[in-house]
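Engineer: Take a look at this one; I'll ask things after.
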Amino acid sequence: RETALILGSFYSTMLRNEIFDFAQIGAFVERADNTARIIDVKYHLLLPSVSHVGTILDNYQWETILRCVAAHRSYRWVYDVQYKPMNIADYLILNGRMPRSLRYCYGRVVSSLNLLAKDYGVTHPCHDTATKILQMLSDTSVERIFKSGLHEFLTDFIGRNNSLGVDIAQAYNFD
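Note that my numbering has the sequence shown beginning at 239, numbered continuously upward.
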């Protein structure tokens, strides 16, 4: 409740300057990291064995992931079907309208970096990196992700996301 109050004040009253942009970048890089890690823990660690894929336990864990990121109701609006791992992964990774999805987060990161570039009159390599990550998320499909391996995709994303955070810190002298 207190967090909602602070966020409401933040979004309602804060001047939209570089301080706001940096706060947005930090929030969305962290949110993307958290979402990717939550999905990866479910997929890679929680299920006791491959034989449990598609069972009640598997489906319950996927539903719990949606609840952890406050997305179970909105998922039902988008997917008028039972909880399915591929749909949930699509929703939390690629849906550009879901505020916790990786794609949405990177849309916001790129947007905020573009505002900083405009304010400072310079772009850094981190701008291109963020744009490439957003493009990758926009161009792929959940089928391709599952075919190449969800865990591998998420591990790669988490590494790239962490590197971007370091690159932004170095570019703007936060290191």
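Ideal Cβ positions, reconstructed from N, Cα and C, are used throughout, including at glycine.
No experiment lies behind these values; they were computed from the predicted model shown.
Which of the three DSSP states, helix, strand or coil, is assigned to Asp198?
Structural biologist: With the chain covering 239 to 413 only, the question about residue 198 has no answer from this structure.
Engineer: Buried or exposed for Trp315, going by 16 or more other Cβ atoms inside 10 Å?
Structural biologist: As a position in the sequence shown, residue 315 is number 77, starting the count at 1. Answer is exposed; the Cβ neighbour count stays below 16.
Engineer: Closer than 8 Å by C-beta to Ala407: which residues in its own chain qualify, once you throw out the five before and the five after it? Chain order, please.
Structural biologist: Start at 1 with the first residue of the sequence shown, and residue 407 comes out as number 169. For Ala407, where only same-chain residues beyond five positions count, the Cβ hits under 8 Å are Asp413.
Engineer: Could you confirm whether any beta carbon from chain C is found closer than 7 Å to the beta carbon of Arg254?
Structural biologist: The structure shown contains no chain C, having only a single protein chain.
Engineer: DSSP three-state call for Pro337: helix, strand or coil?
Structural biologist: In the sequence shown, counting from the first residue as 1, residue 337 sits at position 99. Residue state, collapsed to three classes: coil.
Engineer: Output the distance between the C-alpha atoms of Asp278 and Asp377, rounded to the nearest integer angstrom.
Structural biologist: Here residue 278 refers to the residue found at position 40 of the sequence shown. Here residue 377 refers to the residue found at position 139 of the sequence shown. So the alpha carbons of these two residues sit roughly 21 Å apart.
Engineer: Could you give the first and the last residue of the continuous alpha helix (DSSP H) run that contains Leu375?
Structural biologist: The sequence position of residue 375 within the sequence shown is 137, counting from 1. First-last of the alpha helix (DSSP H) with Leu375: 363-377.
Engineer: Flag this pair as yes or no: are the beta carbons of Phe258 and Met252 separated by less than 7 Å?
Structural biologist: Locating residue 258 in the sequence shown gives position 20, counting from the first residue. Locating residue 252 in the sequence shown gives position 14, counting from the first residue. Yes. Within cutoff.
Engineer: Can you tell me where the alpha helix (DSSP H) with Met324 in it begins and where it stops?
Structural biologist: As a first step, residue 324 must be located in the sequence shown, where it is residue number 86. Per DSSP, Met324 belongs to the alpha helix (DSSP H) from 323-331.
Engineer: By Cβ distance, which residues of its chain are closer than 7 Å to Val348, with the 5 residues on each side in sequence left out?
Structural biologist: As a first step, residue 348 is located in the sequence shown; it is residue number 110 there, counting from the start. The answer, listed in chain order, is Ala368, Thr369, Leu372.
Engineer: Where does Asp318 sit, in a helix, a strand or coil, going by DSSP?
Structural biologist: As a working note, residue 318 is residue 80 in the sequence shown. Coil at Asp318, not helix or strand.
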